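Since the structure comes first, as structure tokens, the remarks are kept for the end.
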Amino acid sequence: MELLEDIPGGRKIWHQDKQGQVWSLVHPSFWPIIYGQTTNSDGKIIQPPSGPDPPAFTPGLAQYHDPVILRKYSKRFCWLPSEFQISEEGKVKIASYINNLATEKQQELFYPILQKIFEGFVPLFNHVLADLREGKGEIRRVRWDSGYSPESEDDQPEMAKFRTEKKHAKSTVDWETFSKDFELEPFIPPSGGSGDVVRNPRERLAEMWTPPQPEILESVKLEGRTVKVIIKMMHIVISPKKPWYTGEGWRVDGTKNERIVASGIYCYHQENITEFGLSFRRGFAKDPHKAAVSILDTGNDTEGFFDIEKHDTCQDIGNVELGENQGIAFPNIYHHRGWACCLRDESKPGYIKLLQCLLCDPSEECTVDTTRTVPAQQPEIREERINAFREACVGRLPMELIYEIEEHIPPSISRAEATEYYQKVKEDGREWTDCILRMGGDAAYYVQSKPTGTPFDMISTATSYEWTPFTTRW
């Protein structure tokens, strides 16, 4: 990766909110699809998608009618996926250029490596999609029918005591120590009322996971398909001047435009840092509008049932350590964030180097434009392609005709313009993510028990989750 790392300082993409510690080598927010401006290979200007009509307004709940949520799609930008061909044997070939990694030299050096890495993700993505189609992402540790049950009031003091002790423990001592010393089975009200709660066996999926049914795995497997993939590469650089990294905020990948269904993250290098990994959580709101009504109107002890803090609409579902040469795949229905970490030896710098592969909806109904139909917009690549075209045509076509053909090649976008667009794309993504996290919803699709090829549906249910991540070592 030395070629990518050897970038002049002024051209390195540092995330401003990380105080210069996060360096993006390849980021899809640079040179994305710009609706109303970017043209495809047919010369047509790409237009934004149209979404369904927003839900009816609920009086008294104006805060749940955020225009970003109701809009669902970005009307300005979309990340640009590449096409990866996967053979029946699981071998991968990058069939169209990777955005921001598309010069001839980069293709020659990096594509064989990326193809090999993605081959390792294929079986992981298969299991993620199969588990979701089987509904394992919906296994309920708590099943709750919202509604008021007067019987629950008799036992609420018990849960109130537990929450008080819990909050005190979090502020004064290690929470793990407290949870071992004071384990209280959450309150379960009597059955038969409108607010029934049924607690299923609490085995963790990590202990009870079984391979998906062969027919389910066969219906979702990626072998034999061409899939749409978005590539990101980033470094976390921790220096002795600031020997700690505070971690990331909660986030989801992309907007509805890209239809990202799963994410694979591969750590290809770590040096001189403490343990690093990912934390995951899930929104429990069935629908921002319906959930708002049910939570506000219910008399149930929602905090006790779901082990969440007051007014929080998300629930932690697990942590996974990510070491060097390890990868993890997970569905994009989960919010995730990187851990905080620090230097082991504060006299020298430390590094975490990550590659992320974002899998778009693999169904045929997914019509997101890709680099197969959208020419590269970077000036250096446009110049490279024009020079190659001239070399191939000189002596075979009149120069006047060559120049006329070149005039029809879409114009490039300068780095200065791309930097401005990058900030705007990040703003769009931040608006979407902030709304999703604030509302407790999900920003992705997943396969339900439907016929093969059915596009992924956006869903979110009022439940608590246990989950098994899929990890591998290269």
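The opening position of the sequence shown corresponds to residue 1 in UniProt numbering, with each subsequent residue numbered one higher.
Using N, Cα and C, we set each Cβ at its ideal position, and we do this for glycine too.
Note that the coordinates shown come from a computational prediction; the quantities given were computed from them, not determined experimentally.
Tell me whether residue i sits in a helix, a strand or coil according to DSSP, three-state version.
i      : result
GLY299 : Low confidence applies to GLY299: its pLDDT is 47, below 50, so where it sits in the model is not reliable, and the reading given next is rough at best. Of the three classes helix, strand and coil, the one that applies to GLY299 here is coil, per DSSP.
ASN387 : helix
HIS408 : coil
ALA95  : coil
HIS127 : helix
ALA392 : helix
LYS228 : strand
LEU397 : strand
ILE402 : helix
LEU132 : helix
ARG259 : coil
ILE236 : strand
LYS241 : coil
ALA418 : helix
GLY323 : coil
ILE13  : strand
ILE265 : strand
ARG281 : strand
GLN377 : coil
ILE216 : helix
LEU222 : coil
GLU5   : helix
GLN423 : helix
ARG372 : coil
GLU83  : strand
GLU89  : coil
ARG430 : helix
VAL252 : coil
PHE30  : coil
Between the alpha carbons of residue i and residue j, how many angstroms are there, rounded?
i      : j      : result
SER279 : GLN107 : 33 Å
CYS267 : PHE276 : 10 Å
ASP131 : ILE216 : 9 Å
HIS127 : LEU114 : 20 Å
ALA292 : ASN332 : Note that ALA292 scores 43 on pLDDT, short of 50, meaning its location in the model is unreliable; the coordinates nonetheless yield the value given after this. Straight-line Cα distance between these residues: approximately 23 Å.
LEU184 : CYS314 : Low local confidence applies: a pLDDT of 42 at LEU184 is under 50, so the model's placement there is unreliable, with the coordinate-based value given in what follows. So the two alpha carbons sit approximately 21 Å from each other.
VAL22  : ILE13  : 8 Å
PRO212 : LEU129 : 10 Å
ASN257 : PRO49  : 8 Å
GLU5   : ARG225 : 32 Å
GLU380 : ILE413 : 10 Å
ILE94  : CYS393 : 27 Å
PRO28  : LEU401 : 35 Å
GLY395 : LEU109 : 32 Å
MET399 : GLU391 : 11 Å
GLU88  : GLU104 : 28 Å
TYR421 : THR38  : 13 Å
GLU404 : ASN100 : 27 Å
TRP244 : GLN326 : 22 Å
Compare the beta carbon distance of residue i and residue j with 9 Å and say whether it is the shorter of the two.
i           : j      : result
SER24       : ASP428 : no
ARG430      : HIS335 : no
PHE77       : VAL229 : no
ASP361      : VAL261 : yes
CYS342      : ILE238 : yes
VAL425      : TRP79  : yes
SER41       : ARG372 : yes
residue 475 : GLN356 : With the chain represented from 1 up to 474, any question about residue 475 goes unanswered, as that position is not in the structure.
PRO411      : ARG382 : yes
GLN423      : ILE352 : no
ILE86       : GLU248 : no
residue 490 : ILE273 : This structure leaves residue 490 out entirely; the chain is present only between 1 and 474.
GLY90       : PRO123 : yes
THR367      : PHE30  : no
residue 476 : TYR97  : Lying outside 1 to 474, the shown extent of the chain, residue 476 is not represented and no answer is given.
LYS232      : VAL26  : yes
ILE33       : ASP369 : yes
THR246      : ALA340 : yes
SER263      : LEU322 : no
GLU407      : PHE389 : no
residue 561 : ILE236 : Residue 561 lies beyond the range of the chain shown here (1 to 474); nothing can be said about it.
PHE125      : ALA329 : yes
PRO214      : LYS348 : no
LYS242      : GLN19  : yes
MET234      : LEU397 : no
Using a beta-carbon distance below 9 Å, is residue i in contact with chain D?
i      : result
SER363 : Chain labels in this structure do not include chain D; a single protein chain is all it has.
Worksheet item: Could you give the uninterrupted runs of the beta strand (DSSP E) lying entirely in the region 331–370, keeping only those of 3 residues or more?
Response: Correct list: 335–338, 350–360.
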